[in-house]
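Structure first, then comments.
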Amino acid sequence: MNVNKLLDTCILIDFSHGKPAAQAFIDSLELAPCISVLTVTEILAGIRNQREQVLFENLFSLWEVLPVTQTIATQGGKWLNQYLRSHGTDFVDAILAASAKVHHLELVTCNIKHFPMFPQLAAPYSTSL
0 MNVNKLLDTC ILIDFSHGKP AAQAFIDSLE LAPCISVLTV TEILAGIRNQ
50 REQVLFENLF SLWEVLPVTQ TIATQGGKWL NQYLRSHGTD FVDAILAASA
100 KVHHLELVTC NIKHFPMFPQ LAAPYSTSL
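According to numbering that gives the first Met the number 0, the residues represented by the sequence shown are 0 to 128, in order.
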């Protein structure tokens, strides 16, 4: 079964920086992925140039951007309380994980250690050089 994906910010950053593994991963997706509205915020905060601005505006128009609902906020808050100190899970990570759970999406990230609530999580590509 092909489950749709929820992409973490790190995947988009690698893609915009031209990392071949990230580009191959994005190109291999059969379904248009989803992103969180918080990923949009993180990406826009880090835009470095006009090329990135255009790239991300295009991607955001093609992909589903998920809002933060009460259900997502509640689950995210519980996970943040549970994993903040032990695993370094931050606010955005907790909301992203909750979004994946609520929407039955596969979370895709390079930051596996930030998502202990998904013990089977694996990075989609190697981030080593």
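Heads up, the beta-carbon is just placed ideally off N, CA and C, and yes, glycines get one too.
For Ser35, the secondary structure class from DSSP, reduced to helix, strand or coil, is strand.
The DSSP-derived three-state label of Lys4 is strand. Counting only runs of 3+ residues, the beta strand (DSSP E) found wholly inside the segment 33-75 occupies 33-35 and 63-65, in chain order. Burial is judged here by how many other beta carbons sit within 10 angstroms of a residue's own beta carbon; Ile111 has fewer than 16 and is exposed.
DSSP, read as helix, strand or coil, puts Leu106 in strand. In the three-state reduction of the DSSP assignment, Asp89 falls in the coil class.
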